[in-house]
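Here the structure comes first, spelled out in structure tokens, and everything after it is commentary.
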């Protein structure tokens, strides 16, 4: 009986981290550079970009890295989340792919990419307007 109870508890704890989320962006707002006028302009549009939010133990590892990982569908890179969801349901992630914040209670998210406006004009790899800062918002569902 103790073995059965231990097995059931193990399976329940594994199921808690087996969840992952598919997050679909619905709106995008940002800025684009106009080389003719040499100025930045606001822009907004609808979008359907998707993100996968998964617990890092889902890949079969022993979870020695960050607890959660966010990647845009179809991309090889993503954003590592340093902590788990907090007591209010928020997940905060920060990395080279921008900032990602999600609430698992409301199933809403926002993705912010702030690269592109604050650049050094002396670095040829980042000319003015090569990247555009933006924010995407949308909803998530269990995946």
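In our numbering, the protein residues as written are 12 to 154.
Every residue, glycine too, gets a C-beta built ideally from N, C-alpha and C.
It should be emphasised that the depicted structure is a prediction, and the values quoted were computed from it without experimental measurement.
Thinking residue i and residue j are a contact (beta carbons under 8 Å), I'd like their distance in whole angstroms, please.
i          : j           : result
residue 33 : residue 154 : 4 Å
residue 68 : residue 77  : Not confirmed; about 11 Å, so no contact.
Of the residues the options, which one's Cα is nearest the Cα of residue i?
i           : options               : result
residue 94  : 84, 122 and 65        : 65
residue 162 : 143, 118, 109 and 120 : Any question about residue 162 goes unanswered here, given that the chain covers just 12 to 154.
residue 147 : 30, 54 and 48         : 54
residue 107 : 139, 43, 30 and 88    : 88
residue 140 : 30, 47 and 31         : 47
residue 79  : 96, 129 and 138       : 96
Once the 5 residues before and after residue i are set aside, which same chain residues still bring their CB inside 7 Å of it?
i           : result
residue 100 : 114, 115 and 116
residue 5   : Nothing can be reported for residue 5, as the shown portion of the chain is limited to 12 through 154.
residue 56  : 39
residue 31  : 63, 64, 65, 66, 69 and 154
Does DSSP put residue i in a helix, in a strand, or in coil?
i           : result
residue 31  : strand
residue 67  : helix
residue 85  : coil
residue 128 : coil
residue 96  : coil
Which residues in the same chain as residue i place their Cβ atom closer than 6 Å to its Cβ, once the five residues preceding and following it in sequence are excluded?
i          : result
residue 83 : 62
residue 51 : 42 and 44
residue 90 : 81, 104, 106, 108 and 111
Which residues in the same chain as residue i place their Cβ atom closer than 8 Å to its Cβ, once the five residues preceding and following it in sequence are excluded?
i           : result
residue 150 : 34, 35, 37, 118, 119 and 120
residue 59  : 35, 36 and 37
Can you check DSSP and say which residues form a bridge with residue i?
i           : result
residue 57  : 38
residue 149 : 36 and 120
residue 3   : The displayed coordinates of the chain run from 12 to 154. Any statement about residue 3 would go beyond what the structure contains.
residue 105 : 110
residue 91  : 80
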